[in-house]
Amino acid sequence: MKYLVSLNGKQYEVIVEHHTANVTNVTSFVPERTPKESSIENKQTNDFPLSRNTPPKNSTAVKAPLPGTITNLNVKNGQNIKRGEILCILEAMKMENEIIAPADGTIIKTEVQQGSAVQTDDILVVIG
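In structure tokens:
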């Protein structure tokens, strides 16, 4: 199918065939941009951890093996747990993945709640 297109006072013939297009007699102009000089000065320094969730020393961080959503959180802060106990359920790609305690201990902190979206290596639970 042929179309006659007028742009900025110039006529262009456009041919469209089966989801493709041919444009004839077209010239393009890309203006040259001159980068602006900028500088950022920051004299303040902060001692923040590099990671969003850094576990305390002498503890075990249980991390998400893949991205997904926490559908069940089976533990709470202060709860004693045994190795092999199901800490939470992580739904990923429409499959439920049981996140298992790697060691005996006490839940120091739960970093997630039911419905939380997590990424790979996000800390889910800290065991002490």
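Under my numbering, the residue at position 62 of the sequence shown is numbered 345, and the numbers go up by one with no gaps.
Quick reminder that beta carbons are idealized off the backbone N, C-alpha and C, glycines included.
Starting from the Cα of residue i, find the closest Cα among the options and give me that residue.
i	options	result
Leu356	Met376, Lys293, Ala384 and Lys340	Ala384
Gly398	Ile390, Ile298 and Leu407	Leu407
Let me confirm a value: residue i is counted as buried when at least 16 other C-beta atoms fall within 10 Å, else exposed. Which label applies?
i	result
Val288	exposed
Phe331	Only weak support exists for where Phe331 lies, its pLDDT of 49 falling under 50; the value from the coordinates is given anyway. The residue is exposed, with fewer than 16 neighbouring Cβ atoms inside 10 Å.
Gly361	exposed
Thr393	buried
Val449	The first residue shown for the chain is 284 and the last is 411, placing residue 449 beyond what the model contains.
If you run the structure through DSSP and keep just helix, strand and coil, what is residue i?
i	result
Ser399	coil
Glu296	strand
Ser289	strand
Gly351	strand
Phe331	At Phe331 the pLDDT is 49, less than 50, meaning the model places this residue with poor confidence and gives no usable figure here.
Val358	coil
Lys346	strand
What does DSSP give as the partner residues of residue i in its beta bridges?
i	result
Gly388	Ile364
Ala375	Met378
Flag residue i as yes when its Cβ comes closer than 8 angstroms to any non-hydrogen atom of the ligand GTP, and as no otherwise.
i	result
Asp387	As far as ligands go, the structure on display features none, and thus does not contain the ligand GTP.
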